[in-house]
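Quick note: to get our numbering, add 924 to the position in the sequence shown (first position is 1).
We put the CB at the ideal spot given by N, CA and C, even for glycine.
Here the structure is a predicted model, which is why all the values come from computation and not from measurement.
Okay, so here's the structure we're looking at.
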Amino acid sequence: MYEVSVFVTAALLIVSGIFYAYYAWIGKTDPVLATWILMTVMLGLSFWMYWESPYKSWTGNIALTSGLVNIVTILFGVTVTHLRRGTLRIAFDVTQKWCLIGGVAIVPFWWITNNTLVSYVLVQLVAVVAILATAERLWNAERNSESLFLWVVAFFAMMCAIYPAWVKHDTFSWIYLGRAIPSTALIIYLIVRIERKVLLFSA
925 MYEVSVFVTA ALLIVSGIFY AYYAWIGKTD PVLATWILMT VMLGLSFWMY
975 WESPYKSWTG NIALTSGLVN IVTILFGVTV THLRRGTLRI AFDVTQKWCL
1025 IGGVAIVPFW WITNNTLVSY VLVQLVAVVA ILATAERLWN AERNSESLFL
1075 WVVAFFAMMC AIYPAWVKHD TFSWIYLGRA IPSTALIIYL IVRIERKVLL
1125 FSA
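Right, here's the structure in full:
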């Protein structure tokens, strides 16, 4: 059961990342590059801190380890897509800029205090703020620029990651999932809301 959960989580996240990049390439989605840069920074910091913890494991926190592959794949695909279109532009809003500053500022705090757990929690809190910036954009959007299917796939992947976290008693994994699952659910809700709004106006 443990191996199955790990495999399903990794497969869903990696495949969804590849398909998200492909959807961006064919114009089915219109992702904001700054958002994915910020998410890559947050997951990169999370992975770095997790790997310095006593819990470090490729499979215990499979949502994070595979999630990093997912995000890097998407960032690469989105960057190449914008380069091909000649639309490569990185524009962080005020909240995203503060999130980047906050994420970077946590690193010296981590080095000084040598408290990996607290630093990891702080990164997750910054990630929540970053997600709220994305949520605000989706709330005000007139059309959907995201793939509902791929976000749902990511949600189920993280639900599958609960079992490995439980088996390994991985505190860092629980913290990550406690942030990532509600965040993903919020994005799904907002995408559905946009699509319903579009249907109502087109009816």
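Proximity of the region 1072-1082 to the region 966-985 falls short of the contact definition, fewer than three beta-carbon pairs being nearer than 8 Å. DSSP, read as helix, strand or coil, puts Ala-1065 in coil. A direct Cα-to-Cα measurement between Val-1047 and Trp-972 gives close to 11 Å.
Taking each of Ser-1071, Ile-1025, Ile-1036 and Ser-1043 in turn and checking the Cα distance to Ala-1054, the smallest one comes out for Ile-1025. The continuous alpha helix (DSSP H) containing Val-993 extends over residues 986-1009.
If you draw a straight line from the Cα of Ile-1111 to the Cα of Arg-1009, it comes to about 26 Å.
Here Phe-1096 is buried, its C-beta having at least 16 other C-beta atoms within 10 Å.
Pro-1088 is positioned such that its CB atom lies closer than 8 Å to that of Ser-929. Residue environment analysis places Arg-1067 among the exposed positions, since fewer than 16 neighbouring C-beta atoms fall within 10 angstroms of its C-beta. Each residue's CA atom was taken as its position, placing Val-1116 and Asn-1038 some 42 Å apart. Residue environment for Trp-1034: buried (at least 16 other C-beta atoms within 10 angstroms of its C-beta). In its own chain, leaving out the 5 sequence neighbours on each side, no residue places its CB closer than 6 Å to the CB of Val-1042. In the three-state DSSP reduction, Ser-970 falls in the helix class (H, G or I).
Cβ-Cβ distances below 7 Å link Asp-1017 to Ala-1057 in the same chain, with the five nearest sequence neighbours on each side left out; the list follows chain order. With a threshold of 16 other beta carbon atoms within 10 Å, Asn-1064 falls short and is exposed.
Beyond the five residues adjoining it in sequence on each side, Leu-1074 comes within less than 8 Å, by CB distance, of Ser-940, Phe-943, Tyr-944 and Tyr-947 in the same chain, given in chain order.
Taking the CA atoms as reference points, Asp-954 sits about 16 Å from Thr-997.
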